[in-house]
Ligand code: SF4
């Protein structure tokens, strides 16, 4: 259940979004990693270098394990999917049945912010809004607004003032502000 005062908006900080995603009080997480077997989260720009360092491989070698994904006019990278029989989905290349996520300390930001509970749609929208959507690009912004009209939950552009909100550390990384 969402904590009182909990709200994700486009201008939420990464610190706040991660706090929600990692808060086991507001979700019934069985850590099933189901999504890792059906897809993969997306890297924020610049994250790939730390993955190559973590795996002790070159960035060129890492490129072979990644694939581009384009949303709202922006192309980023995600782990390659091991699709079978031409299906559009498959397990993440970094998924291991026994070890689970083999790059857990440096996994894509979208994996870090994802959660399966009802707020998960909002954290997913937050990632898209801050890393794919370009508000200054009319086509990108129109696509985003269209997606919001069809969504079960709509990500607010700004946080709702809430006097009971936890005293979060707002000194963390800010969103891209796009
Ligand atoms: S990088 Fe890790 S957490 Fe993300 S989809 Fe792949 S296995 Fe899952």
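Residue numbers (my numbering): 9 to 186.
For glycine and all other residues, C-beta sits at the position ideal for the given N, C-alpha and C.
Every value quoted in this text rests on a predicted model; they were computed, and no experiment measured them.
Cα-Cα separation between residue i and residue j, rounded to whole angstroms
i: residue 30; j: residue 132; result: 14 Å
i: residue 83; j: residue 143; result: 15 Å
i: residue 64; j: residue 58; result: 10 Å
i: residue 5; j: residue 145; result: In the structure displayed, the chain extends from 9 to 186; residue 5 sits before or after that span and is not available.
i: residue 10; j: residue 20; result: The pLDDT assigned to residue 10 is 44, lower than 50, so where the model puts this residue is not dependable; a value taken from the coordinates is nonetheless given after this. If you take the alpha carbons of residue 10 and residue 20, they lie about 16 Å apart.
i: residue 139; j: residue 51; result: 9 Å
i: residue 203; j: residue 93; result: The chain is shown from 9 up to 186; residue 203 falls before or after that span and cannot be answered.
i: residue 123; j: residue 115; result: 14 Å
i: residue 61; j: residue 68; result: 12 Å
i: residue 66; j: residue 72; result: 10 Å
i: residue 90; j: residue 78; result: 18 Å
i: residue 99; j: residue 48; result: 7 Å
i: residue 164; j: residue 151; result: 16 Å
i: residue 25; j: residue 112; result: 18 Å
i: residue 105; j: residue 76; result: 24 Å
Residue i CB to nearest heavy atom of the ligand SF4 below 7 Å
i: residue 30; result: no
i: residue 115; result: yes
i: residue 102; result: yes
i: residue 138; result: no
i: residue 48; result: yes
i: residue 111; result: yes
i: residue 76; result: no
i: residue 119; result: yes
i: residue 87; result: yes
i: residue 91; result: no
i: residue 44; result: yes
Beta-bridge pairing of residue i - partner residues as DSSP gives them
i: residue 98; result: 91
i: residue 119; result: Answer is none; residue 119 lacks a bridge partner.
i: residue 109; result: 103
For a minimum of 4 consecutive residues, which ranges assigned as the alpha helix (DSSP H) are wholly contained in the segment 16-91? 22-29, 56-63 and 67-71
In chain order, what are the residue ranges of uninterrupted beta strand (DSSP E) at least 3 long that sit wholly in the segment 123-165? none
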